[in-house]
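This report refers to the structure that appears directly beneath it.
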Amino acid sequence: MARNALHPVSTTTLRVTIPDASTYTQLDNHFMLARYVIPNDFSRLPDRDKSYSLLHIALKTQLNRPYMTYQNDELDGKQQMVVYALYRREPSNQDFRVVDIDLRETFRFVHGLLDKREISFADLELHMALKLLLTDYFHGGWNKAFIGQGKKYIYVSGFNGFHKCLEVQLNGHRDNKNQKEAQWFQITGHARQFRNLLPDERFDEVSRKYKEFYTPVIQHGQTTLAQLLPDTTIDKDRVLKPYIDEDHPAKLPYHNHTHLDQGRGKLLYDFHQGFIQYLSQYGLEASSQTRMFQRFPSRYKNQTLPVNDMGTIAVLDLCFDTENIAQERPEFWATLHRLYPNYQAITEEDLSEEDYQTPVLILQNYGKKDFEAGGVYEGQVDPKPSIYREYPHVPKQTLDIRPKILKPQADDDKDTEDEAAPEALALRLQVSLNELYLKYLLLNNLPVAGRLPGYGEAWARRKISPAESEQSPLEAYAFLRKQTYDGVPREILLAYDQQNECLALYDVGSDPEARNAVLQTLDLDWSVIHRQLLKRRFAWDEDKQNAKEGKELKRYDLIFSPGLAIEIEDINESVFYDYDRIAERQRQNQQLRPITRFQLPYDDSIFTPEQCEAFNTFLLREVKEDTITYRLLKKMYGEQIIQILDLRDKNGNPRFQELTKAYQRMGLLASLKAADLLVTSQGIWFDDEGRYVIGNPDAINKKQAVAHKIRQLTRVRGEKEIDVSLMMSLMAVDFVRNKRFTVYPYQFKLIDLYAEMTHWML
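Under my numbering, the first residue of the sequence shown carries the number 30, and numbering increases by one thereafter.
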């Protein structure tokens, strides 16, 4: 495979040089570190969540300084729960002393003050020292930072009684103990939500002692939140509490072009820069980890599955509250006829025919939660489980045709008010047909050559380098996934059946010998691989072979080829975009400019000369401002501009992209989506150490909902080189994730489909 140019990108992983003695001395000169021991009875309390809440509120009340709890402290030669607190050695406060902590009013088993003593930073492992300094950093009140119940938050936005925040967490890499020069720490951020108390919710003296409450405050000119102490006097309408809505969890996009400072990526980037500078004050060297990625020339992009091989498919209508679904959703039938005209409508009775094998597309207008307490169909029976249970060998795929499910996203990132546009319905239908086809292949044990990417190809035609010429064909690979499906832990193996030229799947839980036999053909031993996984995941002690007895691996994704076992790992790391340059371009785009600068040239390639003339005349005659920004121009005169330049898409939604592109060509605006600013957001990227990032096939939209995580292909067993070209090819397919690349080789999707189909057989 030809080698592309390397692109350096910084990531969310923090690299910290291991401190020397002088650095620890410098820390001890700045801080006094106190250690308090929590009595052992705390670990035996029945209600742990309430106990931890009580503990943190009591600590926050008595310690007006950064602190953190640690359950596995072993400084006294035995494992104990302790509290660390930081005291600044300020020149103006030389006579300070370590305060006493009294938990007797909080916990009955505490009979006196907590044991305390001063220790050195050198007594701590580096990850503990960093977490303490992180607490101090957030305790300092920079910008929108605050601490609640020991958690670190960055305030983001508030609207209509709801407040969104980002919780920042720092965790050490599992291999840090083996490092001598530097250690790595994973920085992650999760959206959290707070809301105003409802009129019937308690905010009395008792509830304040064990429940966390907050209030908005202005700090350094910024809005943030502050946790309330039990004795605080405040009006109830200014009180907030953490709020978790399982149906609508708190969300913050990873990247937001319009509101850059409300994206998790930008917030974490700013945190990195500030925390790195903070650590440097105390002699600690830290930096964001840089990776060198190259782009993979995607091979299977836009490859469609031969779904027509299914022949005639059946359509089973299981919708509720409608006598004739054709009258309610005529566009569905029109779209189905266009995409797959070879179909027939059936009833549930048709499925009971002997040896019925026709692939079935099942229509529904409800979800699983609609049958639960409070749901639309509470008390009624969901027909789907019985269909799947009674006819497990019939290929089936459900399609929810409710308008709210099929509703597309408009260009302004808001839902359209109309029902699903035809293209949105076509996309959902095509995805359902793809999944139905994959189930059809698996259940009927059909040959996969020419049907699935990579199988049956002439290996000699692969564009590979001489060093890769001995790599095995895809038919020699096997894939193993262990995870929980619908509350049931399962381990499923996918391998190639040479005799029948199809894919064979084995439920390892009921047939472990099938897995062992497949691995033996690849010259691999499962017991050796499993032990290596335990050793890596749980830091297995070779001198105490039973030290991890009872430990269980709940999740893994493994790939096998002759003499080689590979694990795909999520390393809790994401790529930062070039936020400094993006922010600078935003500032440039928001500059006030003379109205004449917004006039369009008559030879513009997007708009006609007549449109340009009408638009330019409108600017000079109708716009009252002599100088204006592009954003204000759209906000104040958007409707007129839309009419003059015909800026609506085929669904009637406003679309300013063409005008923006025209101004970018004129040099009036700078693009915020340039590839050099958003490296790894588009395409598939990998480095020389088996790490990879799966971006979008096309450029990102205004918002990127989730981060493109970095994953790693880790050699668990064997010395052979990993065939990166093949692995990336198996992810460069667009039939798994709705016209987007898949983040795992697509064989794992086949395993998931097999788990879904056979769930009803268990």
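From the three backbone atoms N, C-alpha and C, an ideal C-beta is built for every residue, glycine too.
Fully enclosed beta strand (DSSP E) runs of no fewer than 3 residues occupy 713-715, 720-723 of the segment 654-740, in order along the chain. The beta carbon of A728 is closer than 6 Å to those of K702, Q711 in its chain, skipping five residues each way along the sequence.
In this structure, A279 lies near R221, with their beta-carbon atoms less than 7 Å apart. From the listed residues F300, R133, L153, the smallest Cα separation to Y166 is found for F300. Nearest neighbour of F136 by Cα position, chosen from N93, I67, K295, E718, turns out to be I67. Of the other Cβ atoms in all chains shown, fewer than 16 fall within 10 Å of the Cβ of N529; this residue is therefore exposed. I342 carries a strand assignment under DSSP once its states are collapsed to helix, strand and coil. Your pair K468 and M786 checks out as a contact, with CB atoms roughly 6 Å apart and the cut at 8 Å.
Here the C-alpha atom of E382 lies approximately 12 Å from the C-alpha atom of I375. Judged by DSSP secondary structure, G177 falls within the beta strand (DSSP E) whose first and last residues are 174-177.
In the DSSP assignment, W362 is bridged to no other residue. Excluding sequence positions up to five before and after G218, its CB lies within less than 6 Å of the CB of L195, V197, R293, L297, all in the same chain and listed in chain order. Taking C-beta separations shorter than 8 Å and ignoring five residues to either side along the sequence, the partners of L368 in its chain run A455, L458, Q459, L462, following chain order. Around the beta carbon of F777, 16 or more other beta carbons sit within 10 angstroms, so the residue counts as buried. Beta-bridge pairing by DSSP links T646 to no other residue. The continuous beta strand (DSSP E) containing S316 extends over residues 315-325. Taking a contact to require three or more Cβ pairs closer than 8 Å, the segment 601-608 and the segment 551-570 do not qualify as touching. As computed with DSSP, H284 is found in a beta bridge with Q733. Annotation: D299 is outside any beta strand (DSSP E); the continuous alpha helix (DSSP H) that includes it extends over 293-309. C-alpha of E687 to C-alpha of G190: approximately 37 Å in a straight line. Q215 and D131 have their C-alpha atoms roughly 35 Å apart.
For the 7 Å CB-CB criterion, Y311 and Q55 form a contact.
L345 and H422 have their alpha carbons spaced roughly 16 Å apart. With distances taken between CA atoms, A643 lies nearest to I670 out of G179, I670, E401, T658.
Within the same chain, M339, I342, P424, L465, Y469 come within 6 Å of P388 by CB-CB distance, once the 5 residues on both sides are set aside.
Taken through DSSP and simplified to helix, strand or coil, V745 comes out as strand.
Check the Cα spacing between R510 and each of I595, K564, D607: the tightest is with I595.
In the DSSP assignment, V111 falls within the beta strand (DSSP E) that extends over 109-117.
The beta carbon of I588 sits closer than 6 Å to those of F508, I595, all from its chain and outside the five residues before and after it, given in chain order. The Cβ atoms of C641 and L649 do not sit closer than 7 Å to each other. The beta-carbon distance between A784 and Y585, rounded to whole angstroms, is 15 Å. This is too long to meet the 8 Å contact definition. Per DSSP, reduced to three states, the secondary structure at H249 is coil, with no helix or strand assignment. Assignment of P518 by DSSP, reduced to helix, strand and coil, places it in the strand class.
The segment 172-189 makes no contact with the segment 61-78, as fewer than three CB pairs between them are under 8 Å. Boundaries of the beta strand (DSSP E) around V185: 180-188.
Check the Cα spacing between I780 and each of Q100, F605, T364, L471: the tightest is with L471.
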